[in-house]
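Since the structure comes first, as structure tokens, the remarks are kept for the end.
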Amino acid sequence: MSDGNIVILGGGMAGFGAANQLFEMGIKPRMFEQRARPGGLTSSFDHGDGFIFDEGVHISFSKSERVKDIFSQSVGGDVNIGRVYCNNYWRGHWIKHPAQVNLHGLPVDLVVDCISDFVRAQAKEPQPVDNYHDWLIATYGPTFAETFPMVYTRKYHTTDASNMTTDWLGPRLYRPELGEVLHGALEHEPLDVFYVDEFRYPSHGGFEAFMRSMISKADVYCSHRVTSIDPLRRQISFADGSSTEYGSLISSLPLPILAKLVRGAPADVLDAANRLACSQCVVVNIGLNRPINSRAQWSYFYDEDIPFARVSYRNALSPYSTPPGCGALQAEIYFSEKYRPFRGAPEEQIDPAIDALIRCGIVADRSEIIHRSATWLPYANVIFDHERKPALETVQAFVADVGIASCGRFGQWGYIWTDAALLSGEQAARRIVKARAA
1 MSDGNIVILG GGMAGFGAAN QLFEMGIKPR MFEQRARPGG LTSSFDHGDG FIFDEGVHIS
61 FSKSERVKDI FSQSVGGDVN IGRVYCNNYW RGHWIKHPAQ VNLHGLPVDL VVDCISDFVR
121 AQAKEPQPVD NYHDWLIATY GPTFAETFPM VYTRKYHTTD ASNMTTDWLG PRLYRPELGE
181 VLHGALEHEP LDVFYVDEFR YPSHGGFEAF MRSMISKADV YCSHRVTSID PLRRQISFAD
241 GSSTEYGSLI SSLPLPILAK LVRGAPADVL DAANRLACSQ CVVVNIGLNR PINSRAQWSY
301 FYDEDIPFAR VSYRNALSPY STPPGCGALQ AEIYFSEKYR PFRGAPEEQI DPAIDALIRC
361 GIVADRSEII HRSATWLPYA NVIFDHERKP ALETVQAFVA DVGIASCGRF GQWGYIWTDA
421 ALLSGEQAAR RIVKARAA
């Protein structure tokens, strides 16, 4: 099988999506990965003590039958499938997600103010919406907006809602009818309106196992960090002094990195690349000497004095991700170079996270903890601030002009999950094959 002189940069889900598609077309591409092993953001790690943690939190909600089939084949059908249930924590109260239709159990005055504001907001004539802050106020009214999503925005996106656009929303924030709000205030969890219903997760091996069948679809060269791309000579240089030529190039590298690697990139492109913002994340991994009996797969946290924005529960995804009789969780603490710079070691976030977990009642005391570690993610989520769209258009146009097919969350600089990342890699592969045939 020929490699078609096609090179893929980045050995994550998008890169292997491209490799998988090319392989089906009779092409086995060369892939270059900076790390010592493939996996990218979908990597999973066995710490040798029976605890398996993902690099970040990954769960498949895909509705694509193709993606489901690829993932299932990768693990020989050994998939844990369940109904999604997640909840919210606010000042000692636990309520089902989404909070806007699950106000039951919160302080009465807060519930009354949320509903009153919601009614007034729905009665107003529609006004121009210039940012996410305006959208939240117009949709839910100020009390709910300022108590829940605006706080979460600062914790998760590291910036204020007024600094964000609305083109990332899609179905992510449910817009209820008044009757739904009232039912959720008067009854305990009467509605299922979350935009995801079914989740899939490998029974064994962590989320990375979903990529298992695709790794053989490329000739993978690890420990190859790209230092420059010459689009005229069609040559890629690496930190170890080696280089390779290509006929066609697919990249899942983050756009700000990719633009700076291309020789001759103009100043306006480099400036635009610098204006693309993303969050960074310290993921605190905690293992306990007892199971965590949580119905939820993950929880959102709205108190600003709690450092993490979200916690996922390993046992709720797969009972085989921990030693027998044990439990584990991953807490996400967000930063960004542009808005909330992180300075220090990831391990410094472990103790503050444990303090908050104890305060929330998730961990009883430190004597339960038998594993503690932290993972640093320099690229976590794209921040949809007001500079993103014009900067992205500039960078994407340049990358396309030099003949690079970019894919993946940070190659497209979008709010996409792992299934969409895989499919974006496949789309990039089809684009270059079509261009070569033209």
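Sequential numbering from 1 applies to the sequence shown in the UniProt record's numbering.
Note that CB positions come from ideal geometry on N, CA and C, so glycine has one too.
For the beta strand (DSSP E) containing residue 180, list its first residue and its last residue.
The sequence position of residue 180 within the sequence shown is 180, counting from 1. Premise fails: residue 180 lies in the alpha helix (DSSP H), 178-186, not in any beta strand (DSSP E).
Kindly identify the DSSP beta-bridge partner or partners of residue 375.
Taking the sequence shown and counting its residues from 1, one reaches residue 375 at position 375. In DSSP, residue 375 forms a bridge with 283.
Proximity to residue 77 [Cα-Cα], best of 251, 357, 379 and 212
Here residue 77 refers to the residue found at position 77 when the sequence shown is read from its first residue. Per the Cα distances, 212.
CB residue 428 to CB residue 407, shorter than 8 Å?
The residue labelled residue 428 in the question sits at position 428 within the sequence shown. The residue labelled residue 407 in the question sits at position 407 within the sequence shown. It is a contact, given that the beta carbons lie within the stated cut-off.
Measure the alpha-carbon distance for residue 279 versus residue 297 and round it to whole angstroms.
For the purposes of this step, residue 279 is identified with residue 279 of the sequence shown, where counting begins at 1. For the purposes of this step, residue 297 is identified with residue 297 of the sequence shown, where counting begins at 1. Straight-line Cα distance between these residues: approximately 22 Å.
If I'm right that residue 97 touches residue 300 with Cβ under 8 Å, what's the distance once you round it to whole angstroms?
Numbered from its first residue, the sequence shown carries residue 97 at position 97. Numbered from its first residue, the sequence shown carries residue 300 at position 300. Contact holds; Cβ gap of about 6 Å.
Take the Cβ of residue 67 as the centre, count every other Cβ of all protein chains shown within 10 Å, and call the residue buried at 16 or more, exposed below.
Taking the sequence shown and counting its residues from 1, the one referred to as residue 67 is at position 67. Looking at its Cβ environment, which holds 16 or more other Cβ atoms inside 10 Å, residue 67 is buried.
Can you grab the Cα-Cα spacing for the pair residue 3 / residue 365, in whole Å?
What you label residue 3 is simply residue 3 of the sequence shown in a count that begins at 1. What you label residue 365 is simply residue 365 of the sequence shown in a count that begins at 1. Approximately 55 Å between the Cα atoms of the pair.
Contact set for residue 82: own chain, Cβ-Cβ below 7 Å, skip 5 residues either direction:
Residue numbering aside, residue 82 sits at position 82 when the sequence shown is read from its first letter. Once the five neighbours on either side are set aside, the close Cβ partners of residue 82 are 199.
Beta-bridge pairing of residue 328 - partner residues as DSSP gives them
Here residue 328 refers to the residue found at position 328 of the sequence shown. Residue 328 pairs with 287.
For the structure I just gave you, are there three or more beta carbon pairs, one from the stretch 254-268 and one from the stretch 119-134, closer than 8 Å?
no
Cβ pair residue 440, residue 56 closer than 8 Å:
Residue 440 cannot be examined here, being either before or after the span of the chain that is shown, 1 to 438.
If you run the structure through DSSP and keep just helix, strand and coil, what is residue 132?
One-based indexing of the sequence shown puts residue 132 at position 132. In the structure shown, residue 132 sits in a helix (DSSP, three-state: H, G or I).
Flag this pair as yes or no: are the beta carbons of residue 312 and residue 329 separated by less than 8 Å?
Translated into positions along the sequence shown, residue 312 becomes position 312. Translated into positions along the sequence shown, residue 329 becomes position 329. Yes.
How big is the Cα-Cα spacing for residue 148 and residue 382?
Here residue 148 is taken as the residue at index 148 of the sequence shown, counted from 1. Here residue 382 is taken as the residue at index 382 of the sequence shown, counted from 1. When rounded, the distance between both Cα atoms is 21 Å.
Residue burial classification, residue 167 (beta-carbon count within 10 angstroms, cutoff 16):
Residue 167 sits at position 167 when you count from the first residue of the sequence shown. Counting Cβ neighbours within 10 Å, residue 167 comes out exposed, since fewer than 16 surround it.
So, at 6 Å on beta carbons, what are the nonlocal neighbours of residue 46 in its own chain, with the 5 sequence-adjacent residues on each side left out?
The residue labelled residue 46 in the question sits at position 46 within the sequence shown. Here the set comprises 52.
Between the Cα of residue 204 and those of 426, 141, 72 and 173, spot the shortest distance and give me the residue it belongs to.
Walking along the sequence shown from the start, residue 204 turns up at place 204. Checking every option, the nearest Cα to that of residue 204 belongs to 72.
Between the C-alpha atoms of residue 101 and residue 29, what's the straight-line distance to the nearest angstrom?
The residue you call residue 101 lines up with position 101 of the sequence shown. The residue you call residue 29 lines up with position 29 of the sequence shown. The alpha-carbon atoms of residue 101 and residue 29 are separated by roughly 49 Å.
Element boundaries [beta strand (DSSP E), containing residue 96]:
As a position in the sequence shown, residue 96 is number 96, starting the count at 1. Taken as a continuous stretch (DSSP letters only), the beta strand (DSSP E) holding residue 96 covers 93-96.
Are the stretch 413-430 and the stretch 248-256 touching by the rule of at least three beta carbon pairs closer than 8 Å?
yes
Does the stretch 219-227 come close enough to the stretch 235-245 to have 3 or more Cβ pairs within less than 8 Å?
yes
Tell me, please, whether the stretch 392-400 touches the stretch 334-346 by the rule of three or more beta-carbon pairs shorter than 8 Å.
Contact fails: fewer than three Cβ-Cβ distances are below 8 Å.
Along the chain, where does the alpha helix (DSSP H) that runs through residue 150 open and close?
In the sequence shown, residue 150 corresponds to position 150, counting from 1. Its alpha helix (DSSP H) spans residues 149-156.
Compare the C-beta of residue 20 with all C-beta atoms of chain C and state if any pair is closer than 8 Å.
Looking at the structure shown, chain C is missing, and only one protein chain is on hand.
Would you mind working out which of 257, 402 and 363 sits nearest residue 379, comparing C-alpha positions?
Translated into positions along the sequence shown, residue 379 becomes position 379. When each option's Cα is compared against that of residue 379, the closest is 257.
For residue 129, I'd like the list of residues in its chain whose CB is within less than 7 Å of its CB, leaving aside the five on either flank, ordered along the chain.
As a first step, residue 129 is located in the sequence shown; it is residue number 129 there, counting from the start. So the qualifying residues of the chain are 135, 138 and 166.
What are the boundary residues of the alpha helix (DSSP H) that includes residue 167?
As a working note, residue 167 is residue 167 in the sequence shown. Looking at the DSSP string, residue 167 is not in any alpha helix (DSSP H), and its letter there is neither H nor E.
According to DSSP, residue 31 sits in a beta bridge with which residue or residues?
Your numbering for residue 31 matches position 31 in the sequence shown. Residue pairing from DSSP places residue 31 in a beta bridge opposite 8 and 220.
In or out: residue 40 buried (at least 16 other Cβ within 10 Å) or exposed?
Residue 40 sits at position 40 when you count from the first residue of the sequence shown. By the 10 Å Cβ count, residue 40 comes out buried.
Within 10 angstroms of the Cβ of residue 54, are there 16 or more other Cβ atoms? Answer buried if so, exposed if not.
Your numbering for residue 54 matches position 54 in the sequence shown. It is buried - the Cβ of residue 54 has at least 16 other Cβ atoms within 10 Å.
Which whole-angstrom value describes the C-beta separation of residue 187 and residue 104, a residue pair presumed to lie in contact below a C-beta threshold of 8 Å?
If you number the sequence shown from 1, residue 187 lands on position 187. If you number the sequence shown from 1, residue 104 lands on position 104. Right, their Cβ atoms sit about 6 Å apart.
DSSP state of residue 110, grouped into three classes?
To locate residue 110, count along the sequence shown from 1; it is residue 110. Three-state DSSP puts residue 110 in a helix.
Anyone know if the C-beta pair for residue 432 and residue 248 falls short of 8 Å?
Here residue 432 is taken as the residue at index 432 of the sequence shown, counted from 1. Here residue 248 is taken as the residue at index 248 of the sequence shown, counted from 1. A contact, by the Cβ cut-off of 8 Å.
Beta-carbon separation of residue 207 and residue 386 under 8 Å?
Position 207 of the sequence shown, counted from the first residue, corresponds to residue 207. Position 386 of the sequence shown, counted from the first residue, corresponds to residue 386. At least 8 Å separates the beta-carbon of residue 207 from that of residue 386.
Compute the Euclidean distance between the alpha carbons of residue 276 and residue 404, then round it to the nearest angstrom.
Mapped onto the sequence shown, residue 276 falls at position 276. Mapped onto the sequence shown, residue 404 falls at position 404. In a straight line, the C-alpha of residue 276 is about 19 Å away from that of residue 404.
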